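Novice: Okay, handing you the structure first.
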Ligand code: AVJ
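Numbering (the numbering used here), first residue to last: 317 to 640.
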């Protein structure tokens, strides 16, 4: 049995403080917004897992297809001894990379960063039992704790699932620059990005027939009710998914179906909605290959490989940290 160690940079207290601050800022803004990271309590994570299996939600399958086909190439090109996975969640697709790096004989350690300590502990233990590596779990936020990541040499950082799409352009610049800053020249970034395509296909992926995404969206209000003793009537909000042509992102919103007042006592907030008012809960940016290349270059990465699934729906890029 190899070692698993867990470092906590984000305590449950920090998390609730972050939620309070995001709620104060987002629900007093015009228009109202909430950051998507608050979807993922136990129920939200479960709903997201269900989303990944929906017929309309292609990104997970498309990215899995790419990783299954390209992992041994990735292992040969990088010769990585440390795999760092950001926002690792259940780490299911990471196994393709771990298999390939193990077979190459270079793999020594795995670092996983996630905000959820319970998810991290479980994934770290599962991987540690299955692979001949030491596993370091880091409870943290990929927008805050990059500089604190352990791992020594020959690193490959994986940021998969298209999660980078949850960041708006200025946040992406900061994130990618932050990743570049912790790497040495010659180390690697593997990035999953969902691609611009027919808006009808995109909207369906975020507004499925079974209504799972709608429940996932409303779940953020249940999180506020539980964590902050708020009293949102989640059922009185309808799910909205729309394509913003100018920004090239999907936006999810919750629309008030009647005038409503909600209280968030923990932050001393009374929140009023007029009928039809929308609260923005997520942006999910979609990329053109050229934009991926240029955002990486601006952050100090040189694109080395670009792969898509057979249907050209999703892109995985492998890039190398270069001198700036
Ligand atoms: C986990 C952020 C990649 O943006 O597609 C799925 C989350 N939101 N359905 C995405 C999500 C609605 C997902 N990411």
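Backbone N, C-alpha and C fix where the C-beta goes; we use that ideal spot for every residue, glycine too. None of the values given here were measured: they were computed from a predicted structure.
Would you say the beta carbon of residue 375 is closer than 7 Å to some non-hydrogen atom of ligand 1?
Specialist: yes
Novice: Have a look at residue 396 and residue 501 and give me their C-alpha separation to the nearest angstrom.
Specialist: Each residue's Cα considered, the two are about 13 Å apart.
Novice: Measure from the alpha carbon of residue 512 to the alpha carbon of each residue in 493, 357, 607, then state which is nearest.
Specialist: 607
Novice: Among 524, 435, 562, which residue has its Cα nearest to the Cα of residue 368?
Specialist: For residue 368, the closest of 524, 435, 562 by C-alpha to C-alpha distance is 524.
Novice: Within a Cβ cutoff of 6 Å, which residues of the same chain sit near residue 641, ignoring the five residues on either side of it in sequence?
Specialist: A query on residue 641 cannot be resolved here, the shown segment of the chain reaching from 317 to 640 and no further.
Novice: Using CA atoms only, rank isn't needed, just tell me which of 574, 448, 373 is closest to residue 312.
Specialist: In the structure displayed, the chain extends from 317 to 640; residue 312 sits before or after that span and is not available.
Novice: Take residue 554 and list the residues in its own chain whose beta-carbon comes closer than 6 Å to its own, dropping the five residues that flank it on each side.
Specialist: Cβ contact annotation for residue 554 (same chain, cutoff 6 Å, sequence separation greater than five): 571, 573, in chain order.
Novice: Would you mind giving the Cβ-Cβ distance between residue 452 and residue 425, rounded to the nearest angstrom? I have them listed as a contact below 8 Å.
Specialist: 7 Å
Novice: Apart from the five residues just before and just after residue 469, which ones in its own chain have a Cβ nearer than 7 Å to its Cβ?
Specialist: 397, 398
Novice: Where residue 533 and residue 474 are concerned, what is the direct C-alpha to C-alpha distance, given to the nearest angstrom?
Specialist: 26 Å
Novice: Contact defined as beta carbons within less than 8 Å: I believe residue 363 pairs with residue 535. What is the distance between those atoms, to the nearest angstrom?
Specialist: 6 Å
Novice: At a cut-off of 7 Å, would you count residue 441 as near ligand 1, judging by its Cβ distance to the nearest heavy atom?
Specialist: Outside the cutoff, so no.
Novice: Using C-beta distances below 8 Å, list every residue in its chain close to residue 466, excluding the 5 sequence neighbours before and after it, in chain order.
Specialist: 323, 427, 452, 454
Novice: Check residue 634 in the structure and name its three-state DSSP category.
Specialist: strand
Novice: Closest by CA to residue 592, which one among 569, 614, 637, 600?
Specialist: 569
Novice: Output the residue ranges of the beta strand (DSSP E) runs that lie fully inside the region 533-564 and measure 3 residues or longer, sorted by chain position.
Specialist: 553-560
Novice: Have a look at the DSSP bridge pairing and note the partners of residue 621.
Specialist: Beta-bridge pairing links residue 621 to 634.
Novice: Tell me whether residue 600 counts as near ligand 1, meaning its Cβ is closer than 7 Å to at least one heavy atom of that ligand.
Specialist: Yes - ligand 1 has a heavy atom lying nearer than 7 Å to the Cβ of residue 600.
Novice: Going by other Cβ atoms of all chains shown within 10 Å of its Cβ, with 16 needed for buried, is residue 392 buried or exposed?
Specialist: exposed
Novice: For residue 509, name the three-state secondary structure that DSSP assigns.
Specialist: strand
Novice: Between the region 489-498 and the region 406-423, do three or more beta carbon pairs fall short of 8 Å?
Specialist: Output reads no: the region 406-423 does not touch the region 489-498.
Novice: Examine ligand 1 and report whether any of its heavy atoms sits within less than 7 Å of the Cβ of residue 553.
Specialist: Answer for residue 553: no, Cβ out of range of ligand 1.
Novice: On a Cα-Cα basis, can you pick out the residue from 612, 351, 618 that is closest to residue 490?
Specialist: 612
Novice: Report the three-state DSSP secondary structure of residue 451 (helix, strand or coil).
Specialist: Under the three-state reduction of DSSP output, residue 451 falls in the strand class.
Novice: What's the gap between the Cα of residue 400 and the Cα of residue 576?
Specialist: 44 Å
Novice: What are the boundary residues of the beta strand (DSSP E) that residue 597 is part of?
Specialist: Per DSSP, residue 597 belongs to the beta strand (DSSP E) from 594-601.
Novice: Please report the straight-line C-alpha distance between residue 414 and residue 403, rounded to a whole angstrom.
Specialist: 16 Å
Novice: Find out if the Cβ-Cβ distance for the pair residue 373, residue 521 is shorter than 8 Å.
Specialist: In this structure, residue 373 sits near residue 521, with a CB-CB distance shorter than 8 Å.
Novice: In angstroms, rounded to a whole number, what distance separates the CA positions of residue 596 and residue 446?
Specialist: 40 Å
Novice: Could you tell me whether any non-hydrogen atom of ligand 1 is closer than 7 Å to the CB of residue 631?
Specialist: no
Novice: So, with DSSP's three-state summary, where would you put residue 589?
Specialist: strand
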